[in-house]
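Below is one structure, written out as structure tokens; the observations come after it.
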Amino acid sequence: MDELDRAIIGALVEDARSTYAEIGGQVGLSAPAVKRRVDRLVQTGAITGFTARVEPSALGWTTEAYVELFCQGKTSPSAIALAVAGLPEVVSACTVTGEADALLHIRATDVRHVEQVIERIAAEPFVVRTKSAIVLTRLITPRPA
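With the first letter of the sequence shown counted as 1, position 131 gets the number 131 in the UniProt record's numbering; the numbers rise by one all the way through.
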């Protein structure tokens with residue numbers, strides 16, 4: 001991957017609906033050259049897809065929380081992932097350092113909905129306990145990767 005590839009990816013991250021000609025104008029390449037590079041970046045896995053970013057509140061998801069999971073024994077990360085992957089309210093999950101085994105980011109319609117999601121997660125046989133924090137104000141909006 002060279003600097004032109006990085007510039008093309010940057011343009012796509014900024015606006016995935018840009019035409020190859022528009023991107024080419026930004027990076028100094030023809031539209032066909034940009035298309036060839038994008039196709040190669042997709043084929044090699046550097047670009048994994050194109051997606052729309054949706055404002056969660058437009059869908060009614062106005063409440064968010066972070067939930068720490070404390071698991072019994074040697075619960076594997078894949079077991080945690082399998083348990084939470086089917087919950088649409090869980091927008092991200094990762095293993096973490098510290099006392100907790102995993103950290104979940106949840107979006108929901110209200111506090112009661114957050115509580116219901118936490119109850120479903122806590123019902124998993126490997127979950128010993130949870131610790132949650134509800135977001136009051138988002139200070140920085142997440143940037144695309």
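Heads up, the beta-carbon is just placed ideally off N, CA and C, and yes, glycines get one too.
The C-alpha of GLY45 lies about 12 Å from the C-alpha of MET1.
In this structure, the alpha-carbon of ASP101 lies about 16 Å from that of ALA123. Taken in chain order, the unbroken stretches of beta strand (DSSP E) that lie wholly in the segment 61-87 and span 3 residues or more are 63-71. Put simply, the backbone Cα of ILE134 is about 36 Å away from that of SER18. If you compare the alpha carbons of HIS105, GLY28, ARG120 and GLY98 with that of TRP61, the shortest gap goes to HIS105. With a 10 Å radius around the Cβ and a threshold of 16 neighbouring Cβ atoms, VAL13 comes out exposed. A Cβ-Cβ separation of about 5 Å places GLY24 in contact with ALA31 under the 8 Å criterion.
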